[in-house]
Amino acid sequence: MPLSRLASLPRALLATLPTALEPGPRLPSGATLWVKRDDLTGLGVGGNKARKLEFLCGQAVDEGADCLVTVGAGQSNHCRMTAAAGARLGLETHLVLSGDAPATLLGNQALAHLFGAHLHFTGVPSSHWGALEIARESLTEELAADGLRPHSIPIGGSTAVGALGYVVAFVEIMQQCDALGFAPTAIVFTSSSGGTHAGLVAGRAVWRGFGHAVPDVLAIGVAKGVVMGLPDVAELAAESLALIGASGVERADVEIDTRWLGEDYAIPTAAGDDAIRWAAHRGGWVLDRTYSGKGFSGLLGNDADGRWGADDNVVFIHTGGLPAVFAPGGLPD
Ligand SMILES: *Cc1c(COP(=O)(O)O)cnc(C)c1O
Numbered sequence: 112m113p114l115s116r117l118a119s120l121p122r123a124l125l126a127t128l129p130t131a132l133e134p135g136p137r138l139p140s141g142a143t144l145w146v147k148r149d150d151l152t153g154l155g156v157g158g159n160k161a162r163k164l165e166f167l168c169g170q171a172v173d174e175g176a177d178c179l180v181t182v183g184a185g186q187s188n189h190c191r192m193t194a195a196a197g198a199r200l201g202l203e204t205h206l207v208l209s210g211d212a213p214a215t216l217l218g219n220q221a222l223a224h225l226f227g228a229h230l231h232f233t234g235v236p237s238s239h240w241g242a243l244e245i246a247r248e249s250l251t252e253e254l255a256a257d258g259l260r261p262h263s264i265p266i267g268g269s270t271a272v273g274a275l276g277y278v279v280a281f282v283e284i285m286q287q288c289d290a291l292g293f294a295p296t297a298i299v300f301t302s303s304s305g306g307t308h309a310g311l312v313a314g315r316a317v318w319r320g321f322g323h324a325v326p327d328v329l330a331i332g333v334a335k336g337v338v339m340g341l342p343d344v345a346e347l348a349a350e351s352l353a354l355i356g357a358s359g360v361e362r363a364d365v366e367i368d369t370r371w372l373g374e375d376y377a378i379p380t381a382a383g384d385d386a387i388r389w390a391a392h393r394g395g396w397v398l399d400r401t402y403s404g405k406g407f408s409g410l411l412g413n414d415a416d417g418r419w420g421a422d423d424n425v426v427f428i429h430t431g432g433l434p435a436v437f438a439p440g441g442l443p444d
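Last residue of the sequence shown? That's 444 in my numbering, and every number before it is there in order.
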């Protein structure tokens, strides 16, 4: 029942799905690595936000919105993909960004500009998410006062609606693993605004409700907010499930490994840089220093801790982040 409710919700078809689940090399413990290529969701060069935007934009179109507003760090992948979604759907898109306008737009900003979005630089530091959210709300009010009908999306698209995209992803992963003839031990991924995590936890609860065995869902936190427990992922997952008439999330379902953030969001770590090289050398995968590199360092770290062994299959969701690789300092030396 929950999956038919999910299928009946408004959804804009923006992502190229299903994404591939690729076999990787053995981890040092002997466990088998699998890489879920959510960096290849297609929308505006891809990444995890495409899945959330399918439901967020589905709602926007359903409600008759004529423009999109969202917010993020200067090199926000979410903002870049929202700009691409706006272009695809014919919706004017406004992005509230941290930092000052640079002399030259690079990486995600250059792409967002190319997709036709309006970039609003706030001068706010990237870790001050509260101030950025307030700026999004005031811009939304200004646009409404000008007679527009904005659909305003919080940071990372991490709402109950957005998280539904990762309920879909969880089921997709389980079906792919089943078709390949294995049951995954763990699904590991990078978490910053918590919506991906909430969706996976919700999807796992649905799957468990069907009587299936379920893997661990292990989030590697790369922003201070999620590392300190914000948003409350269990609550967000429960809200998401409520939208499809389901329940069953338990607090113990939420596991966030907070050891891989380093100094702060978007500040590279030595372990993250090593993980970027590991993935590049062994599979030609391109991870970035803000998200997937740190996330994968968490996967390698848990492997080194002895969490898995030769019989285990560990799925890493590659959440994207390619454009930041081409911004200054985007890759380790
Ligand atoms: C946004 C993002 C994440 C984290 O997803 P959340 O749902 O915000 O936690 C991970 N990796 C990349 C590349 C991202 O852009």
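We treat Cβ as the ideally placed atom computed from N, Cα and C, and that holds for glycine.
CB contact flag (residue 209, residue 237, <8 Å): If you number the sequence shown from 1, residue 209 lands on position 98. If you number the sequence shown from 1, residue 237 lands on position 126. For residue 209 and residue 237, yes; Cβs fall inside 8 Å.
According to the neighbour-count rule (16 or more other Cβ atoms, all chains shown, within 10 Å of its Cβ), is residue 305 buried or exposed? The residue labelled residue 305 in the question sits at position 194 within the sequence shown. Answer is buried; the Cβ neighbour count reaches 16.
Pairwise C-alpha distance: residue 202 and residue 176: Taking the first residue of the sequence shown as position 1, residue 176 is located at position 65. Taking the first residue of the sequence shown as position 1, residue 202 is located at position 91. For residue 176 and residue 202, the distance between alpha carbons rounds to 8 Å.
For residue 197, the nearest candidate out of 323, 178, 182, 428 (CA to CA): For the purposes of this step, residue 197 is identified with residue 86 of the sequence shown, where counting begins at 1. Of 323, 178, 182, 428, the residue nearest in Cα terms is 178.
Quick test of the definition: if touching needs 3 or more C-beta pairs under 8 Å, does the stretch 132-148 touch the stretch 251-269? no
Looking only at its own chain, which residues have a Cβ that is under 6 Å from the Cβ of residue 428, when we skip the five neighbours before and after it? Position 317 of the sequence shown, counted from the start, is the residue given in the question as residue 428. If we look at residue 428 and ignore the five residues flanking it on each side, its Cβ neighbours are 147, 149, 300.
Within this structure, are the beta carbons of residue 192 and residue 164 separated by less than 8 Å? Residue numbering aside, residue 192 sits at position 81 when the sequence shown is read from its first letter. Residue numbering aside, residue 164 sits at position 53 when the sequence shown is read from its first letter. In this structure, residue 164 lies closer than 8 Å to residue 192 by Cβ.
By alpha-carbon positions, which one of 394, 161, 330 ends up nearest to residue 275? The residue you call residue 275 lines up with position 164 of the sequence shown. Checked all of 394, 161, 330; the closest Cα to residue 275 is 161.
In terms of residues, what are the limits of the alpha helix (DSSP H) holding residue 302? The count along the sequence shown starts at 1 and reaches residue 302 at position 191. Per DSSP, residue 302 belongs to no alpha helix (DSSP H); it is in the beta strand (DSSP E), 297-302.
Looking only at its chain, what residues have a beta carbon closer than 6 Å to the beta carbon of residue 278, apart from the 5 residues adjacent to it on each side? Counting from 1 along the sequence shown, the entry for residue 278 is found at position 167. Hits under 6 Å: 310, 313, 314.
Environment of residue 351 [buried if 16+ CB atoms lie within 10 Å]: For the purposes of this step, residue 351 is taken as residue 240 along the sequence shown, with counting starting at 1. Classification for residue 351: buried.
Taking the alpha-carbon positions, what's the residue 447 to residue 268 distance? This structure cannot speak to residue 447, because the chain is shown only from 112 to 444.
Could you check which residue in 259, 271, 324, 308 has the C-alpha nearest to that of residue 285? Position 174 of the sequence shown, counting from 1, holds the residue named residue 285. Residue 285 has its Cα closest to that of 324, out of 259, 271, 324, 308.
Is residue 231 near ligand 1, in the sense that its beta carbon is under 7 Å from a heavy atom of that ligand? Here residue 231 refers to the residue found at position 120 when the sequence shown is read from its first residue. It does not: the Cβ of residue 231 is nowhere closer than 7 Å to a heavy atom of ligand 1.
Residue closest to residue 130, alpha-carbon to alpha-carbon, out of 293, 117, 188, 157: Residue numbering aside, residue 130 sits at position 19 when the sequence shown is read from its first letter. Of 293, 117, 188, 157, the residue nearest in Cα terms is 157.
Along the chain, where does the alpha helix (DSSP H) that runs through residue 419 open and close? For the purposes of this step, residue 419 is taken as the residue at position 308 of the sequence shown. First-last for residue 419: undefined, no H or E at that position.
Per DSSP, what kind of secondary structure is residue 113 in: helix, strand or coil? As a first step, residue 113 must be located in the sequence shown, where it is residue number 2. Helix.
Does ligand 1 have even one heavy atom less than 7 Å from the beta-carbon of residue 305? The count along the sequence shown starts at 1 and reaches residue 305 at position 194. Residue 305: yes, Cβ under 7 Å from ligand 1.
CB-CB length for residue 219 against residue 434, believed under 8 Å: In the sequence shown, counting from the first residue as 1, residue 219 sits at position 108. In the sequence shown, counting from the first residue as 1, residue 434 sits at position 323. About 5 Å separates the two Cβ atoms, so the contact holds.
From residue 288 to residue 295, what distance separates their C-alpha atoms? Taking the first residue of the sequence shown as position 1, residue 288 is located at position 177. Taking the first residue of the sequence shown as position 1, residue 295 is located at position 184. Roughly 7 Å between the two C-alpha positions.
I'd like to confirm the pairing. Which residues does DSSP put opposite residue 368 in its beta bridges? Position 257 of the sequence shown, counted from the start, is the residue given in the question as residue 368. For residue 368, which the question treats as bridged, DSSP gives the partners 331.
Using the DSSP secondary-structure output, state which residues sit across from residue 133 in a beta bridge. Here the question's residue 133 lines up with position 22 in the sequence shown. Beta-bridge pairing links residue 133 to 146.
For residue 327, I'd like the list of residues in its chain whose CB is within less than 6 Å of its CB, leaving aside the five on either flank, ordered along the chain. Taking the first residue of the sequence shown as position 1, residue 327 is located at position 216. Around residue 327: 297.
Using a 10 Å radius around the Cβ and a threshold of 16 neighbouring Cβ atoms, would you call residue 206 buried or exposed? As a first step, residue 206 must be located in the sequence shown, where it is residue number 95. Burial call: buried.
Per the contact definition of three or more C-beta pairs closer than 8 Å, is the stretch 359-369 in contact with the stretch 392-399? no
Given this structure, state the Cα-to-Cα distance separating residue 235 from residue 183, to the nearest angstrom. On the sequence shown, residue 235 is found 124 positions in, with the first residue counted as 1. On the sequence shown, residue 183 is found 72 positions in, with the first residue counted as 1. Whole-angstrom Cα-Cα distance: 11 Å.
Rounded separation between residue 400 and residue 440 - CA only: As a first step, residue 400 is located in the sequence shown; it is residue number 289 there, counting from the start. As a first step, residue 440 is located in the sequence shown; it is residue number 329 there, counting from the start. Each residue's Cα considered, the two are about 9 Å apart.
With the cut-off set at 8 Å, would you say residue 371 and residue 408 are in Cβ contact? As a first step, residue 371 must be located in the sequence shown, where it is residue number 260. As a first step, residue 408 must be located in the sequence shown, where it is residue number 297. In contact: residue 371 and residue 408 (Cβ atoms closer than 8 Å).
Is it buried or exposed for residue 115, if we count other Cβ within 10 angstroms and need 16 for buried? The sequence position of residue 115 within the sequence shown is 4, counting from 1. Under this definition residue 115 is an exposed residue.
Under 7 Å Cβ to Cβ from residue 231, same chain only, skipping five residues before and after it: list those, please. Residue mapping note: residue 231 aligns to position 120 of the sequence shown, counting from 1. Here the set comprises 205, 206, 207, 208, 250.
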